[in-house]
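**Student:**
Number of protein chains: 2
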Amino acid sequence: MNFDAIIAAVNKMIPINQSDFDIVAQKLSVRHLKKNEIWEQEGKICQLMGFVNSGILRQYSLKDGNEFTTDFFMENEFIGNYISYQTQQPSQTITEALEPCELLTIPFHDFVSFYECIPATKKSAKIVGDQKLFQLYEKNTSLLMDSPEERYYKLIEQKPDLINRVPQYMIAQYLGIRPESLSRIRKRHRPKK
Amino acid sequence: MNFDAIIAAVNKMIPINQSDFDIVAQKLSVRHLKKNEIWEQEGKICQLMGFVNSGILRQYSLKDGNEFTTDFFMENEFIGNYISYQTQQPSQTITEALEPCELLTIPFHDFVSFYECIPATKKSAKIVGDQKLFQLYEKNTSLLMDSPEERYYKLIEQKPDLINRVPQYMIAQYLGIRPESLSRIRKRHRPKK
DNA sequence: CAAAGTCATTGACTTAAGTCAATAAAAGAA
DNA sequence: TTCTTTTATTGACTTAAGTCAATGACTTTG
Chain A
3 MNFDAIIAAV
13 NKMIPINQSD
23 FDIVAQKLSV
33 RHLKKNEIWE
43 QEGKICQLMG
53 FVNSGILRQY
63 SLKDGNEFTT
73 DFFMENEFIG
83 NYISYQTQQP
93 SQTITEALEP
103 CELLTIPFHD
113 FVSFYECIPA
123 TKKSAKIVGD
133 QKLFQLYEKN
143 TSLLMDSPEE
153 RYYKLIEQKP
163 DLINRVPQYM
173 IAQYLGIRPE
183 SLSRIRKRHR
193 PKK
Chain B
3 MNFDAIIAAV
13 NKMIPINQSD
23 FDIVAQKLSV
33 RHLKKNEIWE
43 QEGKICQLMG
53 FVNSGILRQY
63 SLKDGNEFTT
73 DFFMENEFIG
83 NYISYQTQQP
93 SQTITEALEP
103 CELLTIPFHD
113 FVSFYECIPA
123 TKKSAKIVGD
133 QKLFQLYEKN
143 TSLLMDSPEE
153 RYYKLIEQKP
163 DLINRVPQYM
173 IAQYLGIRPE
183 SLSRIRKRHR
193 PKK
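Quick mapping for you: the protein sequence lines, in order, are chains A and B. Per my numbering: the first sequence = residues 3 to 195. Per my numbering: the second sequence = residues 3 to 195.
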């Protein structure tokens, strides 16, 4: 198992010493996903946290048979359905690999069990959670205040490579519009030949 | 100071004994707000948590001089800008009383200082935080998946009295539409005379 | 009480997203 | 490579929200 990326990601948040990391690492597993493979299914209680070593995933919900992408997870990001785990309620979302992925996973339960003896686990969980809260808050504000067009160009600024790695219709879902509308938004701003 | 409501609210989440509560209560202040009075101003770092004893407040942001209401807080709800406090960044939002309000307030800093010696403080903060996270997540999903009309009728179901206590144009802001559009949505579903 | 201000409704019109269908382009599989 | 599937674009049209302006209802307050 290659821990370089996750160690770097954790160290960006909080210094962690090798022996503490090794203890946690004993509970880590590797999971390889094929393209289009589903990692976590709707209707099940989510028990796993993950770290994306490579690849890209998305979370989406279904309504009347239509998909609504709510989030993307790329290399060096943490992934998990904390709400489902914390409430022990079935997940409303499906998490799917959009490319072949390598994840490091650990059961929430195991990770939480380190909170008291390895303070860095608890602190890093708090930092990641706060970041997610902040992102969610920002997205909410953007959905209220910005036009679809503004949301699209903000996304390009924030995650430029996302646009190139993910089908456009999923970006449209994420922005809350139809794929045809996103195509027309792009056309509007395309320099005329 | 009347602590009945806050004690009941805390006890719903987690049992708390009177002596622990009394210690925390020493740091509580009462704050009375007139209608339209601003509790927390945009651009300042938010240092206070609050509990609404009576009245109703809203949080809103400004963009190009237009208001966008992001949340309402009614009796027996906790209020505060955790993100601003945690990041020590200026608040992007304004919190304003929509009716005469009585708040119990406590500085985040003081409340956090009880985390180790009074575990109920930490646990209740976690529960409130998780509930807010869940609500934010739900609202986000609703903005993506539901029509303005559906969002309006969901809101009526979830907070029936909100509609009667708050100007309609603020409800429209909260739903992400113009007040004229909300008026027409209501008209569509009004039984014809 | 009258006057001023605020808020909701309505009408006429504009704008942009949604829908449906056809085609083109790109990606994957045999 | 060719065939198939998936995805993106475009056109024609519908629908609903946005905009602007006028009016009426309701509050507030001097």
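All residues carry an ideal CB built from backbone N, CA and C; glycine is no exception. In this text, all values refer to a predicted model and were calculated from it rather than measured experimentally.
Whose CA, out of A:47, A:3, A:161, A:48, lies closest to the CA of residue 28 of chain A?
**Tutor:** Among A:47, A:3, A:161, A:48, the Cα nearest to that of residue 28 of chain A is on A:3.
**Student:** Just curious, the alpha helix (DSSP H) that residue 184 of chain B is in, first and last residue?
**Tutor:** 181-190 is the extent of the alpha helix (DSSP H) around residue 184 of chain B.
**Student:** Assuming residue 48 of chain A contacts residue 115 of chain A (C-beta within less than 8 Å), just tell me the rounded distance between them.
**Tutor:** Rounded, the Cβ-Cβ distance is 17 Å, inconsistent with contact.
**Student:** Quick one: does residue 1 of chain B have its CB under 9 Å from some CB of chain A?
**Tutor:** Since the first and last residues shown for chain B are 3 and 195, residue 1 of chain B lies out of range.
**Student:** Any heavy atom of the ligand HEM closer than 8 Å to the Cβ of residue 82 of chain A?
**Tutor:** Only the bare structure without any ligand can be found here, which leaves the ligand HEM out of the picture.
**Student:** Could you work out which residues of chain B lie near residue 72 of chain A, taking near to mean beta carbons separated by less than 8 Å?
**Tutor:** Correct list: 142, 143, 146.
**Student:** For residue 159 of chain B, is the classification buried or exposed, using 16 other Cβ atoms within 10 angstroms of its Cβ as the cut-off for buried?
**Tutor:** The residue is exposed, with fewer than 16 neighbouring Cβ atoms inside 10 Å.
**Student:** Can you list the residues of chain B that residue 46 of chain A reaches, using a CB-CB cut of under 7 Å?
**Tutor:** Ordered by position in chain B, no residue passes the 7 Å Cβ test against residue 46 of chain A, which lies about 18 Å from the chain.
**Student:** Between residue 155 of chain B and chain A, is any beta-carbon pair separated by less than 9 Å?
**Tutor:** Taking Cβ atoms only, chain A never reaches closer than 9 Å to residue 155 of chain B, which makes this a no.
**Student:** Mind checking which residues open and close the alpha helix (DSSP H) that includes residue 133 of chain B?
**Tutor:** That run of the alpha helix (DSSP H) goes 121-147.
**Student:** Tell me whether residue 182 of chain B is buried or exposed, calling it buried when 16 or more other Cβ atoms sit within 10 Å of its Cβ.
**Tutor:** Answer is exposed; the Cβ neighbour count stays below 16.
**Student:** Identify the continuous alpha helix (DSSP H) that holds residue 20 of chain A and give its terminal residues.
**Tutor:** Taken as a continuous stretch (DSSP letters only), the alpha helix (DSSP H) holding residue 20 of chain A covers 20-27.
**Student:** Does residue 83 of chain A pass the burial test, meaning 16 or more other C-beta atoms within 10 Å, or should it be called exposed?
**Tutor:** By the neighbour-count rule (16 or more Cβ atoms within 10 Å), residue 83 of chain A is buried.
**Student:** Within 10 Å of its beta-carbon, does residue 64 of chain A have 16 or more other beta-carbons around it, so buried, or fewer, so exposed?
**Tutor:** Classification for residue 64 of chain A: exposed.
**Student:** By how many angstroms is the C-alpha of residue 37 of chain A removed from the C-alpha of residue 147 of chain B?
**Tutor:** The straight-line gap from Cα to Cα measures roughly 25 Å.
**Student:** From B:101, B:73, B:186, B:102, pick the residue whose C-alpha is nearest to that of residue 95 of chain B; which is it?
**Tutor:** Among B:101, B:73, B:186, B:102, the Cα nearest to that of residue 95 of chain B belongs to B:73.
**Student:** Using a Cβ-Cβ cut-off of 7 Å (strictly less than) and excluding sequence neighbours within five positions of residue 5 of chain A, which residues of its own chain qualify?
**Tutor:** The residues are 27.
**Student:** Please tell me whether residue 178 of chain B has its Cβ less than 9 Å away from any Cβ of chain A.
**Tutor:** Residue 178 of chain B counts as touching chain A.
**Student:** When you compare the CB of residue 175 of chain B with every CB in chain A, is at least one pair closer than 9 Å?
**Tutor:** It does; some Cβ of chain A falls within 9 Å.
**Student:** If we ignore side chains and look at the alpha-carbon of each, how far apart do residue 120 of chain B and residue 9 of chain B end up?
**Tutor:** The straight-line gap from Cα to Cα measures roughly 15 Å.
**Student:** Are there 16 or more other CB atoms within 10 angstroms of the CB of residue 189 of chain B, so buried, or fewer, so exposed?
**Tutor:** Classification of residue 189 of chain B: exposed, given that the 10 Å Cβ count is below 16.
**Student:** Show which residues of chain A have a CB atom less than 9 Å away from the CB atom of residue 85 of chain B.
**Tutor:** Simply 132, 135, 136, 139.
**Student:** Output the distance between the C-alpha atoms of residue 85 of chain B and residue 25 of chain B, rounded to the nearest integer angstrom.
**Tutor:** Roughly 26 Å separates the two Cα atoms.
**Student:** Measure the C-alpha to C-alpha separation of residue 176 of chain A and residue 141 of chain B and round it to an integer number of angstroms.
**Tutor:** Rounded to whole angstroms, residue 176 of chain A to residue 141 of chain B spans 14 Å at the Cα level.
**Student:** Using three-state DSSP, classify residue 195 of chain A as helix, strand or coil.
**Tutor:** Any answer about residue 195 of chain A is weak, because its pLDDT of 35 lies below 50 and its placement is not dependable; what the coordinates show is given next. Here residue 195 of chain A sits in coil by DSSP.
**Student:** Using a C-beta cutoff of 9 Å, does residue 97 of chain B count as contacting chain A?
**Tutor:** Judged by the 9 Å Cβ criterion, residue 97 of chain B is not in contact with chain A.
**Student:** Let me check one thing: in DSSP terms, what residues is residue 64 of chain A bridge-paired to?
**Tutor:** In DSSP, residue 64 of chain A forms a bridge with A:69.
**Student:** Quick check: residue 78 of chain A and residue 7 of chain A, are their CB atoms within less than 9 Å of each other?
**Tutor:** In this structure, residue 7 of chain A lies closer than 9 Å to residue 78 of chain A by Cβ.
**Student:** Taking CB distances under 9 Å as the criterion, tell me whether residue 65 of chain B reaches chain A.
**Tutor:** Output row for residue 65 of chain B: interface = yes.
**Student:** So, is residue 194 of chain A buried or exposed, given that buried needs 16 or more other C-beta atoms within 10 angstroms?
**Tutor:** Bear in mind that a pLDDT of 45 at residue 194 of chain A, under 50, signals an unreliable position, so the model cannot answer this.
**Student:** Compute the distance between the beta-carbons of residue 107 of chain A and residue 32 of chain A, then report whether it is under 9 Å.
**Tutor:** A contact, by the Cβ cut-off of 9 Å.
**Student:** Could you check what DSSP says for residue 95 of chain B in three-state terms: helix, strand or coil?
**Tutor:** DSSP places residue 95 of chain B in coil when its eight states are reduced to three.
**Student:** In three-state DSSP terms, what is residue 106 of chain B?
**Tutor:** Residue 106 of chain B falls in the strand class under three-state DSSP.
**Student:** Cα-Cα, which of B:133, B:102, B:60 is closest to residue 89 of chain A?
**Tutor:** Taking only the C-alpha atoms, the option nearest residue 89 of chain A is B:133.
**Student:** Measure from the C-beta of residue 160 of chain A to each C-beta in chain B and report whether the shortest distance is under 9 Å.
**Tutor:** It does not: the Cβ of residue 160 of chain A has no partner Cβ on chain B nearer than 9 Å.
**Student:** Run through the DSSP bridge pairs and tell me what residue 50 of chain B is partnered with.
**Tutor:** Partner(s): B:109.
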